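Beneath this line is the structure, given in C-alpha cells, with notes to follow.
Protein chains: 2
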Amino acid sequence: MGERRAPDPERRLVNESSDHRHDAPNLEHFRERLQEHMAKKGLRSTDQRRLIVETFFAAPNHVSIEELLAQVREQDPKVGYATVYRTLKLLAECGVAFERKFGDGLTRYELADDEAHHDHLICVQCSSITEFEEPRIETLQEEIAHRYGFELRSHKHEMYGVCPDCLKAAAATGKRN
Amino acid sequence: MGERRAPDPERRLVNESSDHRHDAPNLEHFRERLQEHMAKKGLRSTDQRRLIVETFFAAPNHVSIEELLAQVREQDPKVGYATVYRTLKLLAECGVAFERKFGDGLTRYELADDEAHHDHLICVQCSSITEFEEPRIETLQEEIAHRYGFELRSHKHEMYGVCPDCLKAAAATGKRN
DNA sequence: CTCATTGCAAAATCTTTGCACGTAA
DNA sequence: TTACGTGCAAAGATTTTGCAATGAG
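If you're matching them up, the sequences are chains A and B in order. Each residue of the first sequence is one higher than the last, beginning at 1263 in this note's numbering. Each residue of the second sequence is one higher than the last, beginning at 1263 in this note's numbering.
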C-alpha cells in the first residue's frame, strides 16, 4: 500500500529558514486583544488555554496542531487535541493568529503580526519555509483588486521551488532533478 | 465513516466570474501529453478515463472532484469517486492539470495551461473565483526567489476579499460588515 | 491470457462535535 | 452556583486503498 497521509516523518520537518519574529513581536498587544475578545464573549481563562496560548507564542512560526500539541504535552500530558484545535480557532477568531494551509493537508498557525506583510517561499524538497516581504507586490495587489472592483481583505502568496541548501545537495549528488 | 454527502451547500457554490478558457486552450496538446504519459507507463485507455478527461476539459475551471463526478455521472452513473480521484491525479502527474487547494478543504483542478500565468481573486462571501494576470508580479517573484537563492518552480497567489456583487448587495442591505 | 482498471466499501487522516464531568467566576 | 471548558471518543469530511471482478491489449 502506498504512503498514507502522515506516515512520513519528513513531512513535519519544517526547517524554519527565517524564523525570527520580526524584532519584538508585540506579545502584550496580542494578549490584550485575546483578553478583550474573551471578556466580550464571556469566555474563561483556564490553565489549558493559557498553556496553549503561551506555547503558541513561544513556538516557531507556522506550527501545526500536532507540533503544538506535542509541545503543550511536555508541560501537561493530559491536554487533548480538541482543546488545542478549539484554542487555536479562538486565536484565529480574535485576530491573534492566522490559519495557513499550505498544500500538505496540515493546518498551520502563525502569529497575526499585522505589521509584517510577509509571504512564503516553500521548498518542494525539504519543506522549509522562508518568509519574505515585498512592498511592491502589496502595492500591485491593491491595484489589481481595485481593477476588479474587489475590496481586499487578505491574501496568500506562496512561491514553491528548491531552496539553496537542496540545490547545493542536488548539485553535489550529481544533478538529478 | 460511510456516506459523506455535503451538508453545506454553500461551500460548493462557486460562481466562476471569469470562466473563459484563455482563447483556445490547446486541448489537442494536452491530449497528446496525456497519451504519451500513458504509453510510457503502460497505462490503458478506458471508457471511464476518457469520459472523465473529456468532462474535465469541458468543465468550468477550478472544478472540485464532486462537481466533476456529478458531471461525469450524467453520462455514466456508475462511475465511482475513486476513479475520478485517480484520473485527476493522473492528469496532475503528467502536467495536464494543476491541483489547487483554496482554504475550504476541497481540492480543485484546473487546466495546466502553461501560457497563462494567472492567479486568483476569491470572494470571501460568495466564493466566486476571478482570475487575473499581472506580469509585473511575475517579474517581482523571480526577483525575490533569486534574492533568496531559490529556484522557482511554481507559485500560488490568492487574494481574498469582497467581490463587486457582494459589495453592492451589502450596500443595498444597509452596510453590515 | 495477463495485468491494469474499476467500483465498492473500508481505511486513513485531519478536524469537529457530543457528552459527562470538572471548574472559573 | 452556573454555564463554560475539558478530555475522550465518536462522528464528519475528504482522499486513498484493498480486493474481487472486469476488460483492454
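Backbone N, C-alpha and C fix where the C-beta goes; we use that ideal spot for every residue, glycine too. Just so it is clear, the structure is predicted and the values come from calculations on it, not from any experiment.
query: 8 Å Cβ cutoff, Q1403(A) in contact with chain B; result: yes
query: For E1355(B), the first and last residue of its enclosing alpha helix (DSSP H); result: 1343-1355
query: E1396(A) in three-state terms, based on DSSP; result: coil
query: Buried versus exposed call for R1398(A) [16 or more other C-beta atoms within 10 Å across all chains shown]; result: exposed
query: Contact check, E1404(B) vs I1406(A), beta carbons under 8 Å; result: no
query: Any chain B beta carbon closer than 8 Å to E1396(A); result: yes
query: Test item: CB-CB of A1359(B) and L1353(B) under 8 Å; result: yes
query: Chain A residues whose Cβ lies nearer than 8 Å to that of L1383(B); result: I1406, A1407, Y1410, F1412
query: The segment 1365-1380 of chain A in contact with the segment 1379-1393 of chain B per 3-pair CB rule at 8 Å; result: no
query: Contact list for the segment 1304-1318 of chain B against chain A, Cβ threshold 7 Å; result: none
query: Residues from the segment 1329-1360 of chain A in contact with chain B, defined by Cβ distance under 7 Å; result: none
query: Given C1356(B) as reference, the closest of L1313(B), K1303(B), A1320(B) once Cα atoms are compared; result: K1303(B)
query: Those residues which DSSP pairs with K1418(A) across a bridge; result: E1420(B)
query: Residues bridged to V1325(A) (per DSSP); result: Y1371(A)
query: Rounded C-alpha distance that separates Y1422(A) from L1414(B); result: 6 Å
query: D1381(B) in three-state terms, based on DSSP; result: strand
query: First through last residue of the alpha helix (DSSP H) which encompasses R1295(B); result: 1289-1303
query: 6 Å CB neighbourhood of H1419(B) in its chain, flanking five on each side removed; result: D1381
query: Identified DSSP bridge partners for F1360(A); result: E1372(A)
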